[in-house]
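Counting in our numbering, the sequence shown runs from 38 upward without gaps.
Ideal Cβ placement from N, Cα and C applies to all residues, glycine included.
Take a look at the structure below.
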Amino acid sequence: GKTAKTDPIDAALLARMAELVCAPSAALEPEREALRELVQRREQLVRQRDDERRRLHQAQLAEVRHDLIEHIGQLRLRIRQLDKAIAQTQRQLDDHLSQQLQAIAGIGEVTAASLLAYLPELGRLDRRQIAALAGLAPYNVDSGQHAGKRRIRGGRAPIRRVLYMACWSVIRTQPDFKDRYQRLRQRGKCAKVAITACMRVLLTRLNAMARDRTEWKVPAN
38 GKTAKTDPID
48 AALLARMAEL
58 VCAPSAALEP
68 EREALRELVQ
78 RREQLVRQRD
88 DERRRLHQAQ
98 LAEVRHDLIE
108 HIGQLRLRIR
118 QLDKAIAQTQ
128 RQLDDHLSQQ
138 LQAIAGIGEV
148 TAASLLAYLP
158 ELGRLDRRQI
168 AALAGLAPYN
178 VDSGQHAGKR
188 RIRGGRAPIR
198 RVLYMACWSV
208 IRTQPDFKDR
218 YQRLRQRGKC
228 AKVAITACMR
238 VLLTRLNAMA
248 RDRTEWKVPA
258 N
């Protein structure tokens, strides 16, 4: 691709391509803006809840433990309330695609909402473009006589976080992804490389599904 780093490619062009890949989308629909804000707030509260849980494990004083337990309960309630608002908003945005995504084993309501919020281009780009947008497109680091490794870079970090968690769930629930991951590991690929490759395949399939408005297809054995 044009973002591969080899000597014949001009550095200015490479930088420009990176800018285009990472540039913000055009003005979002009000429902998508609302969904993104709700999803981001949920992520914040989940991080707070997890932090409080860790503090609870370390706390010794009964008064502190009681305060932490109470706060964790409040955070859980707020997260449940946000889940309801997220579900309603994503139905308003694209109920069909939302249901398509949630029908996939390993992808739940929160993951579907996050994909809709952070990736409005889903189904509108080709597989290379969507991979580059997510920062999952491998590029070469060859220079002169040196042949470097293929790496990924750039793209939207929130999308990668969502796909990372979703991909582990898909690997646990879908045999073809589990087999793909295990084959890569058996070939000597490290866990990070293997999961990244699976994330790229998952995104490619999701993109095709959204583009064609078709159901998720499990490959035949």
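For residue i, count neighbouring Cβ atoms within 10 angstroms of its own Cβ and tell me buried if that reaches 16, exposed if not.
i	result
Glu-100	exposed
Lys-39	Here Lys-39 scores only 48 on pLDDT, less than 50, and its place in the model should not be relied on; the value that follows carries that caveat. It is exposed - the Cβ of Lys-39 has fewer than 16 other Cβ atoms within 10 Å.
Ala-171	buried
Gln-127	buried
Ala-184	With a pLDDT of 46 at Ala-184, under the threshold of 50, the modelled position of this residue cannot be trusted; read the value that follows with caution. Per the 10 Å Cβ criterion, exposed.
Ala-140	exposed
Ala-64	exposed
Arg-73	buried
Glu-89	buried
Gly-225	exposed
Ala-142	exposed
Gly-145	exposed
Gln-223	exposed
Ser-180	Because the pLDDT at Ser-180 is just 48, under 50, the model does not fix this residue reliably, and the point stays unresolved.
Where does the unbroken alpha helix (DSSP H) through residue i begin, and where does it stop?
i	result
Gln-139	99-139
Cys-204	194-210
Glu-146	146-155
Val-238	228-249
Val-83	67-95
Arg-261	In the structure displayed, the chain extends from 38 to 258; residue 261 sits before or after that span and is not available.
Going by beta-carbon coordinates alone, are residue i and residue j separated by less than 8 Å?
i	j	result
Leu-134	Glu-66	no
Arg-92	Leu-105	yes
Ala-194	Arg-69	no
Thr-241	Ala-168	yes
Leu-239	Ala-203	yes
Arg-165	Leu-119	no
Ile-123	Leu-200	no
Contact the segment 111-118 vs the segment 81-92: 3+ CB pairs below 8 Å: With a cut-off of 8 Å, the segment 81-92 and the segment 111-118 count as touching, because enough Cβ pairs lie within range.
Touch test, the segment 151-167 against the segment 241-249, Cβ-Cβ under 8 Å, three pairs minimum: Yes, they touch.
Given 8 Å, three or more beta-carbon pairs between the segment 145-153 and the segment 209-223: Because the criterion of three Cβ pairs below 8 Å is not met, the segment 145-153 and the segment 209-223 do not touch.
Given 8 Å, three or more beta-carbon pairs between the segment 228-236 and the segment 212-220: Enough Cβ pairs lie closer than 8 Å, so yes.
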